[in-house]
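Engineer:
Number of protein chains: 2
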Amino acid sequence: MKVLMSLLVLGVLSFANATEVLPSWNEGKSKSSIMHYVQAVTDKNSADYIAAKDRIAVFDNDGTLWSERPVYFQLYFAMDRVKALASEHPEWKTTEPFKSVLENNMTGVMKSGEHGLVTLVNATHSGMDVETFKSEVQTWLKSAKHATTDRPYTDLIYQPMMELIQYLEANDFKVYIVSGGGIDFMRAFVPELYGIPEEHIIGSMGKVHYKDGKIIKDDEIHFIDDKETKPVAIYRTIGKRPVAAFGNSDGDFAMMLYTEANKKHKTLQLYVHHTDEKREFAYDRKSHIGKLDKGLDYARDHNWTVVDMKKEWKVIYPFELEK
Amino acid sequence: MKVLMSLLVLGVLSFANATEVLPSWNEGKSKSSIMHYVQAVTDKNSADYIAAKDRIAVFDNDGTLWSERPVYFQLYFAMDRVKALASEHPEWKTTEPFKSVLENNMTGVMKSGEHGLVTLVNATHSGMDVETFKSEVQTWLKSAKHATTDRPYTDLIYQPMMELIQYLEANDFKVYIVSGGGIDFMRAFVPELYGIPEEHIIGSMGKVHYKDGKIIKDDEIHFIDDKETKPVAIYRTIGKRPVAAFGNSDGDFAMMLYTEANKKHKTLQLYVHHTDEKREFAYDRKSHIGKLDKGLDYARDHNWTVVDMKKEWKVIYPFELEK
Numbered sequence: 001m002k003v004l005m006s007l008l009v010l011g012v013l014s015f016a017n018a019t020e021v022l023p024s025w026n027e028g029k030s031k032s033s034i035m036h037y038v039q040a041v042t043d044k045n046s047a048d049y050i051a052a053k054d055r056i057a058v059f060d061n062d063g064t065l066w067s068e069r070p071v072y073f074q075l076y077f078a079m080d081r082v083k084a085l086a087s088e089h090p091e092w093k094t095t096e097p098f099k100s101v102l103e104n105n106m107t108g109v110m111k112s113g114e115h116g117l118v119t120l121v122n123a124t125h126s127g128m129d130v131e132t133f134k135s136e137v138q139t140w141l142k143s144a145k146h147a148t149t150d151r152p153y154t155d156l157i158y159q160p161m162m163e164l165i166q167y168l169e170a171n172d173f174k175v176y177i178v179s180g181g182g183i184d185f186m187r188a189f190v191p192e193l194y195g196i197p198e199e200h201i202i203g204s205m206g207k208v209h210y211k212d213g214k215i216i217k218d219d220e221i222h223f224i225d226d227k228e229t230k231p232v233a234i235y236r237t238i239g240k241r242p243v244a245a246f247g248n249s250d251g252d253f254a255m256m257l258y259t260e261a262n263k264k265h266k267t268l269q270l271y272v273h274h275t276d277e278k279r280e281f282a283y284d285r286k287s288h289i290g291k292l293d294k295g296l297d298y299a300r301d302h303n304w305t306v307v308d309m310k311k312e313w314k315v316i317y318p319f320e321l322e323k
Numbered sequence: 324m325k326v327l328m329s330l331l332v333l334g335v336l337s338f339a340n341a342t343e344v345l346p347s348w349n350e351g352k353s354k355s356s357i358m359h360y361v362q363a364v365t366d367k368n369s370a371d372y373i374a375a376k377d378r379i380a381v382f383d384n385d386g387t388l389w390s391e392r393p394v395y396f397q398l399y400f401a402m403d404r405v406k407a408l409a410s411e412h413p414e415w416k417t418t419e420p421f422k423s424v425l426e427n428n429m430t431g432v433m434k435s436g437e438h439g440l441v442t443l444v445n446a447t448h449s450g451m452d453v454e455t456f457k458s459e460v461q462t463w464l465k466s467a468k469h470a471t472t473d474r475p476y477t478d479l480i481y482q483p484m485m486e487l488i489q490y491l492e493a494n495d496f497k498v499y500i501v502s503g504g505g506i507d508f509m510r511a512f513v514p515e516l517y518g519i520p521e522e523h524i525i526g527s528m529g530k531v532h533y534k535d536g537k538i539i540k541d542d543e544i545h546f547i548d549d550k551e552t553k554p555v556a557i558y559r560t561i562g563k564r565p566v567a568a569f570g571n572s573d574g575d576f577a578m579m580l581y582t583e584a585n586k587k588h589k590t591l592q593l594y595v596h597h598t599d600e601k602r603e604f605a606y607d608r609k610s611h612i613g614k615l616d617k618g619l620d621y622a623r624d625h626n627w628t629v630v631d632m633k634k635e636w637k638v639i640y641p642f643e644l645e646k
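Protein sequence lines correspond, in order, to chains R and A. The first sequence begins at 1 in our numbering and counts up by one. The second sequence begins at 324 in our numbering and counts up by one.
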């Protein structure tokens, strides 16, 4: 009888586990604010009910859905491509920012500033059709390793955020990514890794042109999806104001304010706050990458949800679940 | 018993009617090519099966889903706005193309060419946030009447094409509009009229900027969605190559070739050919609006579907059903 009871208890626990919402989130302010919001807007009898067609949720990517340290992962891809293509470009040995890349001088690369980074991206993300580029990214992701963890970059996604995406989708939200990252770079892995389709991925874009049935990538920036241009990109691609916005930096602040200014619907704004120097990275106001300063003050003053990664997340990465 | 049989027969007929696919299409080449295609790609046992996520269908709008004669309906909106705003712009009385608009001189307006039309659009589609613009379009559509039919513009949609959209959606296709028309103009009526959501509408765009929670329309063109830029717009917004493309002019030809060049999936290309001078308008190779010349030759040489509106459509407009 005792055994049976134990089995029953185990059974119940296992059942509860399987259906538990946001299992990697500790009970607390953030989890409860998310769940209250979703319950309020999906309950037909609630004054805050939102029709499914208007349940638009937008997520930043770097630092919100996966790590962005030491620097944005796409930059490592660009640098690895520079190394792979160097033999075809002897002039790179003496020209910045390529010289620093080839000498593995990260300080030199970062010193080249935004212009240098754009130069690296233009040189490595152009001259092929978008389908070829996609294959290059996918091949790279299979072998490249992250500098400080020595893991594939695709390991470094946030388990609690993946659960949040699934929870929203299960509640008929349309989940979009709105990232400063390159749209073609993200489209190479996001559909399979996050379960978000290509048409829900918004990002920075290079110029392209159409030729003979193909979209060819040119070596020029068309659109940087950051700060005040995030609402512009949302308007262009979605054409509806979101009701929920998720970010981690001042680069997401305008998109979150745009969401908050939705007069028709109850909204949710959530910042992922990088507070865990042990399991991930800790940074905010003074960081060059993922700076969160103005947004953090505003969030605290306006009752936005601010996730303390260290305290509120049971695990950061999916591989921690296997332990 | 005879009565019962008759009722039964009537019942069966009525049932057949209610579930008939593409009821406003006459049996024939076009209807059968559409139905064969959809059956082939949605049958799991077919070699041509396409997973639902990849069933992307793109439709031109002007001349494909609603009429575009005497000129694009959006141009009438722009001209009506010029008249409404004329008192604030005394200089328009002596400046083309405004002068011709205010004098109801359509020949003069058309003479101003593409530059003139862009000038009219820029002047009337800017200086307000996108939500205000949307209301202006909706208000206009409620009262404006089409020049030759004296009907609301929203009456002039093609019943057979609405049935086609519904048929594709019922078969899990994601239906997008990819039009040279303005994205904000279309977003004001397409969701309600066609049942296609804002995020599936791709079109030409003016520049905009974000300010204080709003997207403000500037008086400059950002992107013209026509010919070789239609594939570019599809790539940017959808990020997948379509499997089915529907158009009516050479402006849609590149988008249809881009679709045909899909190597992974069986594709369908369909041209609506304006052959019905009595019920609608008849035009193709020599038309200034909706010119169909190169595309028509290619379509005939490559086994694309070319719909003869006069012969293949039982009705053109929904109001004909009420007769």
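Ideal Cβ positions, reconstructed from N, Cα and C, are used throughout, including at glycine.
Pick out whichever of R:S249, R:M128 and R:T149 has its Cα sitting closest to the Cα of R:D409.
Structural biologist: Since the first residue shown for chain R is 1 and the last is 323, residue 409 of chain R is missing from the structure and cannot be characterised.
Engineer: DSSP three-state label for R:I56, please.
Structural biologist: Strand, per DSSP.
Engineer: Name the two residues that bound the continuous beta strand (DSSP E) containing A:A567.
Structural biologist: A567 to G570 is the span of the beta strand (DSSP E), which, as asked, contains A:A567.
Engineer: Do you know whose CA, among R:Q166, R:P197 and R:P160, lies nearest R:V178's CA?
Structural biologist: It is R:P197 whose Cα lies nearest to the Cα of R:V178.
Engineer: In three-state terms, what does DSSP make of R:D219?
Structural biologist: In this structure, R:D219 counts as strand in the three-state DSSP scheme.
Engineer: What number of angstroms, rounded off, separates the C-alpha of A:V405 from the C-alpha of A:E515?
Structural biologist: Approximately 26 Å between the Cα atoms of the pair.
Engineer: Could you check the C-alpha separation between R:Y49 and R:V41 for me, to the nearest Å?
Structural biologist: Looking at the two C-alpha atoms, the distance is approximately 4 Å.
Engineer: Between which two residues does the beta strand (DSSP E) carrying A:S435 extend?
Structural biologist: Taken as a continuous stretch (DSSP letters only), A:S435 belongs to no beta strand (DSSP E), as it is neither H nor E.
Engineer: Below 7 Å on C-beta distance, what does A:T590 contact in chain R?
Structural biologist: The premise fails here: A:T590 is roughly 11 Å from chain R at the closest Cβ pair, so nothing lies under 7 Å.
Engineer: In the DSSP assignment, find the alpha helix (DSSP H) that holds R:Y153 and state where it starts and stops.
Structural biologist: Per DSSP, R:Y153 belongs to no alpha helix (DSSP H) and is neither H nor E.
Engineer: Since R:D212 and R:G251 are thought to touch, with beta carbons under 8 Å apart, how far apart are those beta carbons, to the nearest angstrom?
Structural biologist: With a Cβ gap of about 37 Å, R:D212 and R:G251 do not count as contacting.
Engineer: For A:R608, return the contacting residues in chain R, with the cut-off set at a CB-CB distance below 7 Å.
Structural biologist: Going along chain R, no residue has its Cβ under 7 Å from A:R608, so there is no contact; the nearest lies around 24 Å.
Engineer: Looking at the strands, I want to know which residues DSSP matches up with A:N605.
Structural biologist: Just to set this straight, residue 605 of chain A is Ala in the shown sequence, not Asn. Note: A:A605 sits in a beta bridge opposite A:T598.
Engineer: Alpha carbon to alpha carbon, what distance is there between A:E522 and R:S67?
Structural biologist: Cα to Cα, the separation comes out at about 29 Å.
Engineer: Is the Cβ of A:R378 closer than 9 Å to any Cβ of chain R?
Structural biologist: A:R378 does not count as touching chain R.
Engineer: Compare the beta carbon distance of A:L345 and A:M402 with 9 Å and say whether it is the shorter of the two.
Structural biologist: No; because the gap between Cβ atoms is not below 9 Å, this pair is not in contact.
Engineer: Looking at chain A, which residues of the region 83-96 of chain R have a Cβ within less than 9 Å of any of its Cβ atoms?
Structural biologist: Going along the region 83-96 of chain R in chain order, one finds no residue with a Cβ nearer than 9 Å to chain A.
Engineer: Which residue from R:I157, R:F59 and R:D184 puts its Cα closest to that of R:M205?
Structural biologist: The residue with the shortest Cα to Cα distance from R:M205 is R:D184.
Engineer: How long is the line joining the alpha carbons of R:E325 and R:S143, rounded to whole angstroms?
Structural biologist: The requested residue 325 of chain R does not occur in the structure, where chain R is confined to residues 1 to 323.
Engineer: Return the residue from the list A:Y490, A:E643 and A:K589 that minimises the CA-CA distance to A:K354.
Structural biologist: For the residues A:Y490, A:E643 and A:K589, the minimum Cα distance to A:K354 belongs to A:Y490.
Engineer: For R:M172, I'd like the list of residues in its chain whose CB is within less than 8 Å of its CB, leaving aside the five on either flank, ordered along the chain.
Structural biologist: In the sequence under discussion, the amino acid at residue 172 of chain R is Asp, which differs from the Met named in the question. Cβ within range, chain order: T42, A52 and R55.
Engineer: Across which residues does DSSP place R:L270 in a beta bridge pair?
Structural biologist: Answer is R:F246 and R:T305, bridged to R:L270.
Engineer: Using a Cβ-Cβ distance under 9 Å, would A:D383 count as near chain R?
Structural biologist: With 9 Å as the cut-off, A:D383 does not count as an interface residue toward chain R.
Engineer: Applying a beta-carbon distance threshold of less than 8 Å, which residues of chain R neighbour A:M528?
Structural biologist: Under the 8 Å cutoff, chain R gives R236.
Engineer: Have a look at R:Y235 and R:V243 and give me their C-alpha separation to the nearest angstrom.
Structural biologist: Their Cα atoms are separated by approximately 13 Å.
Engineer: What does R:D62 pair with, by DSSP beta-bridge criteria?
Structural biologist: R:D62 pairs with R:W66.
Engineer: Cβ closer than 7 Å: which chain A residues qualify as neighbours of R:L257?
Structural biologist: Those within 7 Å of R:L257 in chain A are G536.
Engineer: On the criterion of 16 or more Cβ atoms from any shown chain inside 10 Å, does R:P231 qualify as buried, or is it exposed?
Structural biologist: R:P231 is buried by the Cβ-count criterion.
Engineer: Which residue wins for smallest C-alpha separation from A:L479, given the options A:H588, A:R564, A:V629 and A:F604?
Structural biologist: Looking at the Cα atoms, A:F604 is the closest of the given residues.
Engineer: Looking at the C-beta of R:H209, does it have a partner C-beta in chain A at a distance below 9 Å?
Structural biologist: With 9 Å as the cut-off, R:H209 counts as an interface residue toward chain A.
Engineer: Would you give the residue range spanned by the alpha helix (DSSP H) that R:S179 belongs to?
Structural biologist: Not the alpha helix (DSSP H): R:S179 falls in the beta strand (DSSP E), residues K174 to G182.
Engineer: Whole angstroms are fine: how far does the CA of R:K294 sit from the CA of R:R285?
Structural biologist: If you take the alpha carbons of R:R285 and R:K294, they lie about 8 Å apart.
Engineer: Just the C-alpha distance for R:G63 and A:K563, rounded to the nearest angstrom, thanks.
Structural biologist: Roughly 26 Å separates the two Cα atoms.
Engineer: Determine whether the Cβ of A:T455 lies closer than 9 Å to any Cβ atom of chain R.
Structural biologist: Not one chain R Cβ lies under 9 Å of A:T455.
Engineer: R:A299: buried (16+ other C-beta within 10 angstroms of its C-beta) or exposed?
Structural biologist: Classification for R:A299: buried.
Engineer: If R:G182 sits next to R:N61, beta carbons under 8 Å apart, how far is it from one beta carbon to the other, in whole angstroms?
Structural biologist: Not really, about 10 Å apart at Cβ, beyond 8 Å.
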